[in-house]
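Trainee: If you read the sequences in order, they're chains A and B. Residue numbers for the first sequence follow our numbering, so the first one is 7 and each next one is one higher. Residue numbers for the second sequence follow our numbering, so the first one is 543 and each next one is one higher. The structure under discussion is supplied below as structure tokens; questions concerning it will follow.
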Amino acid sequence: DAGVTQSPTHLIKTRGQQVTLRCSPKSGHDTVSWYQQALGQGPQFIFQYYEEEERQRGNFPDRFSGHQFPNYSSELNVNALLLGDSALYLCASSYWGAEKSTDTQYFGPGTRLTVL
Amino acid sequence: AQSVTQLGSHVSVSEGALVLLRCNYSSSVPPYLFWYVQYPNQGLQLLLKYTSAATLVKGINGFEAEFKKSETSFHLTKPSAHMSDAAEYFCAVTRNSGGYQKVTFGTGTKLQVIP
Numbered sequence: 007d008a009g010v011t012q013s014p015t016h017l018i019k020t021r022g023q024q025v026t027l028r029c030s031p032k033s034g035h036d037t038v039s040w041y042q043q044a045l046g047q048g049p050q051f052i053f054q055y056y057e058e059e060e061r062q063r064g065n066f067p068d069r070f071s072g073h074q075f076p077n078y079s080s081e082l083n084v085n086a087l088l089l090g091d092s093a094l095y096l097c098a099s100s101y102w103g104a105e106k107s108t109d110t111q112y113f114g115p116g117t118r119l120t121v122l
Numbered sequence: 543a544q545s546v547t548q549l550g551s552h553v554s555v556s557e558g559a560l561v562l563l564r565c566n567y568s569s570s571v572p573p574y575l576f577w578y579v580q581y582p583n584q585g586l587q588l589l590l591k592y593t594s595a596a597t598l599v600k601g602i603n604g605f606e607a608e609f610k611k612s613e614t615s616f617h618l619t620k621p622s623a624h625m626s627d628a629a630e631y632f633c634a635v636t637r638n639s640g641g642y643q644k645v646t647f648g649t650g651t652k653l654q655v656i657p
């Protein structure tokens, strides 16, 4: 059973550029959440997708956007990159079953984004 | 609002000694609590979770945590540290926010195990 996969593993961009990160959820999962983890910090919630819609969003600007596809995979897009966007971007998947608030999120290995 | 506070950004223990990583939570509704471990350059791996079924929760790799409502705590323990336990540990709280799950992480505790 494949777990959560993310691509690419590493990425280097320059300020002002745009980037797309990809995530495939664990088999059987239908919900994808994205997190930003800056060096030395805990993960910060960016947004969550379910049924191809953004259902909840953290305190991130509109430069951060996403998409979920019919096969539940997801993309995170960041426009007009800033130096401060350098971080590990984590994708987590879960199943939106009956016990919603107990759903465990399973994390991928992350994409390390460096903005120069 | 919900939050977690992890006391001690760095903890050092000797191999074979007790591991105690502290986590206090704040939540306006009954929380669901998690501990995750992160090894260098890797994603987060679930150690254990509390979902109100039992206050003492056993996880993988010999770790366990006890939910104490009166102290709003969910400390992580392991009786005997192993070198492979060296990693960063994150406490997290989740709640049903308008029908959608929102997870809030602490700032993490780096565990160093000394031979």
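The beta-carbon is built from N, C-alpha and C at its ideal position, and this holds for glycine as well.
Following the continuous beta strand (DSSP E) through B/Glu-606, name the residue where it begins and the one where it ends.
Mentor: Mapped onto the second sequence, residue 606 of chain B falls at position 64. Start and end: 606–610.
Trainee: According to DSSP, B/Arg-564 sits in a beta bridge with which residue or residues?
Mentor: Taking the first residue of the second sequence as position 1, residue 564 of chain B is located at position 22. Bridge partners of B/Arg-564: B/Leu-549.
Trainee: Output the distance between the C-alpha atoms of B/Leu-575 and B/Val-645, rounded to the nearest integer angstrom.
Mentor: Against the second sequence, residue 575 of chain B aligns to sequence position 33. Against the second sequence, residue 645 of chain B aligns to sequence position 103. The alpha-carbon atoms of B/Leu-575 and B/Val-645 are separated by roughly 9 Å.
Trainee: Taking the beta strand (DSSP E) that B/Lys-591 belongs to, which residues open and close that run?
Mentor: Here residue 591 of chain B refers to the residue found at position 49 when the second sequence is read from its first residue. Taken as a continuous stretch (DSSP letters only), the beta strand (DSSP E) holding B/Lys-591 covers 586–592.
Trainee: Where does A/Gly-72 fall in DSSP's three states?
Mentor: Looking up residue 72 of chain A in the first sequence gives position 66. Strand, per DSSP.
Trainee: Mind checking if B/Gly-650 is an interface residue toward chain A, Cβ cutoff 8 Å exclusive?
Mentor: The sequence position of residue 650 of chain B within the second sequence is 108, counting from 1. At least one chain A Cβ lies under 8 Å of B/Gly-650.
Trainee: Could you work out which residues of chain B lie near A/Gly-48, taking near to mean beta carbons separated by less than 7 Å?
Mentor: The sequence position of residue 48 of chain A within the first sequence is 42, counting from 1. Ordered by position in chain B, the residues that pass the 7 Å Cβ test against A/Gly-48 are Phe-632, Phe-647, Gly-648, Thr-649, Gly-650.
Trainee: Under 7 Å between beta-carbons, which chain A residues line up against B/Gly-550? List them in chain order, please.
Mentor: As a first step, residue 550 of chain B must be located in the second sequence, where it is residue number 8. In chain order: nothing, as chain A lies at least about 14 Å away.
Trainee: Taking buried to mean at least 16 other C-beta atoms within 10 Å of its own C-beta, is A/Glu-57 buried or exposed?
Mentor: Walking along the first sequence from the start, residue 57 of chain A turns up at place 51. It counts as exposed.
Trainee: Using the Cα positions of A/Gln-23 and A/Ala-93, report the straight-line distance between them to the nearest angstrom.
Mentor: Locating residue 23 of chain A in the first sequence gives position 17, where the first residue counts as 1. Locating residue 93 of chain A in the first sequence gives position 87, where the first residue counts as 1. Going from the Cα of A/Gln-23 to the Cα of A/Ala-93 covers about 15 Å.
Trainee: Just checking: is the beta-carbon of B/Gly-585 within a distance shorter than 8 Å of some beta-carbon in chain A?
Mentor: As a first step, residue 585 of chain B is located in the second sequence; it is residue number 43 there, counting from the start. Chain A, which has a Cβ nearer than 8 Å to the Cβ of B/Gly-585, makes this yes.
Trainee: Whose C-beta lies closer than 7 Å to the C-beta of A/Ser-107 among residues of the same chain, with five residues either side of it excluded?
Mentor: On the first sequence, position 101 is the one that residue 107 of chain A refers to. Because A/Ser-107 carries a pLDDT of 48, less than 50, the predicted location of this residue cannot be relied on, and no value is offered for it.
Trainee: Does the contact criterion of 3 or more C-beta pairs under 8 Å hold for the stretch 558–575 of chain B versus the stretch 620–627 of chain B?
Mentor: yes
Trainee: Could you confirm whether any beta carbon from chain A is found closer than 8 Å to the beta carbon of B/Lys-644?
Mentor: Translated into the one-based positions of the second sequence, residue 644 of chain B becomes position 102. So yes, B/Lys-644 belongs to the interface.
Trainee: Along chain A, which residues have their Cβ under 9 Å away from the Cβ of B/Leu-588?
Mentor: Residue numbering aside, residue 588 of chain B sits at position 46 when the second sequence is read from its first letter. The answer, in chain order, is Thr-110, Gln-111, Tyr-112, Phe-113.
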